[in-house]
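Listed in order, the protein sequences are those of chains A and B.
FYI, our numbering numbers position 82 of the first sequence as 82, with every residue one higher than the one before it.
FYI, our numbering numbers position 35 of the second sequence as 35, with every residue one higher than the one before it.
In what follows, a structure is listed as structure tokens, so that the remarks can point back to it.
Protein chains: 2
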Amino acid sequence: MVKNSEKILADHNVSITNPRVFVLEVLLENKGPITLDELQSTLKNRVAKSTLYRVLNDLKKINILNEFTSPENQTVVELSLSENDHHHHVFCTNCGEVEDVTLSEVFEKQLSDEITNIHKTSKYRIKEHTLELIGLCSDCD
Amino acid sequence: MVKNSEKILADHNVSITNPRVFVLEVLLENKGPITLDELQSTLKNRVAKSTLYRVLNDLKKINILNEFTSPENQTVVELSLSENDHHHHVFCTNCGEVEDVTLSEVFEKQLSDEITNIHKTSKYRIKEHTLELIGLCSDCD
DNA sequence: AAATAAATGAGAATTATTCTCATTTACTGT
DNA sequence: ACAGTAAATGAGAATAATTCTCATTTATTT
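Pasting the structure below:
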């Protein structure tokens, strides 16, 4: 049976190599956003640092990886395998933990209405949006 | 007559020095978010690079400067002199320009309701939020 | 105006990311 | 399965961004 990570690579016409599989496996297991630091230390003995950066760029190129910066300036990375998994992020300002949040449909509708209005008054054509929620997780609260 | 920038420093018990005044003047003139690169090149001959970083940290400490990262990984900086100037940002993915956007009161209310709901279901106590709108400015569209 | 404390400039040190190149690994056609 | 070719990797050098060091200058206090 073909592993999940190998299928992902094959589906995107990217050759299957050990580093790519290792990185994908960690991202898949983690299920959600992960700090670059954490990813690096998890993969330290299996993937060279330069290769990790290359693999992450490969995954960005095939559009299955999002990268963003936390309010504390940590690089954070997250798989996004399907087009329709629109969601946002909550950050803990104390421990740096990041998690996904999905907003209610009602609210996403209100948001897209607001964006339509902005489009009328501003000189921008808006393609995407990201909402970041910043606070404390229960451990740090 | 005391200059605006000097008053700001005095009001926050920060000593008035040339580099601090120069940085503040550029930020005040610019009125809105500015790229660190742009700030650096504007101040190149007046403020040493290390001092610029120090001054920006000083301003962060007294809570009159926001720093964030654009979707293209540019560091962006912005004065926020009053508590009640809550607003968000639009980014042009092509030229990197950033501008402020103020959302309608109706929408900010909807957003804060949504955050209240999230608080009920998630393990986070949310203190702040930032909404980033990403698209193309009229020049690049 | 002198004494003391704080801030600055210049460049060294550190950290994050990209690049180079010799070696290894994966894919292609047989 | 196998040789040949193209692509990917590891290790460390190169670059870029940010912080740190320390001798000198500037601000504040007396």
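The beta carbon of each residue, even a glycine, is placed where N, CA and C say it ideally should be.
Quantities reported herein were computed from a predicted structural model and do not represent experimental measurements.
Among the CB atoms of chain A, one or more fall inside 8 Å of the CB of residue 117 of chain B. With a threshold of 8 Å between beta carbons, residue 130 of chain B makes contact with chain A. Under the three-state reduction of DSSP, residue 100 of chain A is assigned to strand. Within chain A, the residues 135, 136, 141 have their CB atoms less than 7 Å from the CB of residue 125 of chain B, given in chain order. Residue contact check for residue 104 of chain A against chain B: a CB pair falls below 8 Å. Listed along chain A are 103, 104, 107, each with a C-beta nearer than 7 Å to that of residue 114 of chain B. The region 120 to 136 of chain A makes contact with the region 108 to 125 of chain B, as at least three CB pairs between them are under 8 Å. By the Cβ criterion, the region 45 to 53 of chain A is not in contact with the region 76 to 95 of chain A, since fewer than three pairs of Cβ atoms, one from each stretch, lie closer than 8 Å. When the five nearest sequence neighbours on each side are left out, the beta carbons in the same chain lying within less than 8 Å of the beta carbon of residue 23 of chain B are those of 39, 43, 47, 52, 55, 56, 59, in order along the chain. By the neighbour-count criterion, in which 16 or more other beta carbons inside 10 Å mark a residue as buried, residue 9 of chain A falls on the buried side.
In terms of Cα proximity to residue 30 of chain A, the closest of A:80, A:107, A:139, A:103 is A:80.
Using a Cβ-Cβ cut-off of 8 Å, residue 92 of chain A counts as an interface residue toward chain B, since at least one Cβ of chain B sits closer than that to its own. In the DSSP assignment, residue 127 of chain A falls within the unbroken beta strand (DSSP E) covering 124 to 137.
Interface with chain A (8 Å Cβ-Cβ cutoff): residue 110 of chain B is included. The Cβ atoms of residue 17 of chain B and residue 96 of chain B lie no closer than 8 Å to each other.
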